[in-house]
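Peer 1: For the sequence shown, the numbering used here assigns the number 196 to the initial residue and increments by one for each residue that follows.
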Amino acid sequence: MKELKDPADTHKYSYTNVITAVRTRLNKLNIKFDYSSGFNSHVLGLIIEFYGIKQDEKYAYAHQVGKATFFTYSQQFVDFILNEIKKNPQTFYQSLRT
Numbered sequence: 196m197k198e199l200k201d202p203a204d205t206h207k208y209s210y211t212n213v214i215t216a217v218r219t220r221l222n223k224l225n226i227k228f229d230y231s232s233g234f235n236s237h238v239l240g241l242i243i244e245f246y247g248i249k250q251d252e253k254y255a256y257a258h259q260v261g262k263a264t265f266f267t268y269s270q271q272f273v274d275f276i277l278n279e280i281k282k283n284p285q286t287f288y289q290s291l292r293t
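This is the structure in structure tokens:
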């Protein structure tokens, strides 16, 4: 039997909170990557699209409110982003655009 988990616990990050969490960790780790504006909503949007994040329940949870759908994101997603940037910070942003 599959255990039910509360998305408020498993996917606690809003879009904006993901940006804040990633920025904080990048600064703490002193990692700079190849986008002059730093980690922002533009970069996060590219990551979500490039990796198909909204289709992966491990990283994103879809909330239905009437006809609207909004997503929250997991700690695993924040960790995933950081690990991807760490692999090659000098070409990370450019790799999302190709």
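Glycine included, every Cβ here is placed at the ideal spot set by N, Cα and C.
Could you name the residues of the same chain whose beta carbon sits closer than 8 Å to that of Tyr208, not counting the 5 residues immediately before and after it, in chain order?
Peer 2: Mapped onto the sequence shown, residue 208 falls at position 13. Excluding residues within five positions, the ones whose Cβ falls inside 8 Å are Ala216, Thr267, Tyr268, Ser269, Gln270, Phe272 and Val273.
Peer 1: Just verifying my parser: in three-state terms, what is the DSSP assignment at Thr264?
Peer 2: In the sequence shown, residue 264 corresponds to position 69, counting from 1. Residue state, collapsed to three classes: strand.
Peer 1: Taking Gln294 as the reference, give the member of Thr219, Asn222, Pro202 and Tyr230 with the closest Cα.
Peer 2: Because the chain spans 196 through 293 in this model, residue 294 falls outside it and cannot be assessed.
Peer 1: Terminal residues of the continuous alpha helix (DSSP H) containing Thr219?
Peer 2: Counting from one through the sequence shown, the residue named residue 219 turns up at place 24. Run containing Thr219: Tyr210 to Lys223, per the alpha helix (DSSP H) assignment.
Peer 1: Quick one: is the Cβ of Lys253 within less than 6 Å of any heavy atom of the ligand ZN?
Peer 2: Ligands displayed in this structure: none; no statement on the ligand ZN is therefore possible.
Peer 1: Out of Lys223, Lys249, Val213 and Lys253, which one is the CA nearest neighbour of Lys265?
Peer 2: Counted from its first residue, the sequence shown places residue 265 at position 70. Strictly speaking, residue 265 in this sequence is Phe, with Lys absent from that position. Ranking Lys223, Lys249, Val213 and Lys253 by Cα distance to Phe265 puts Lys249 first.
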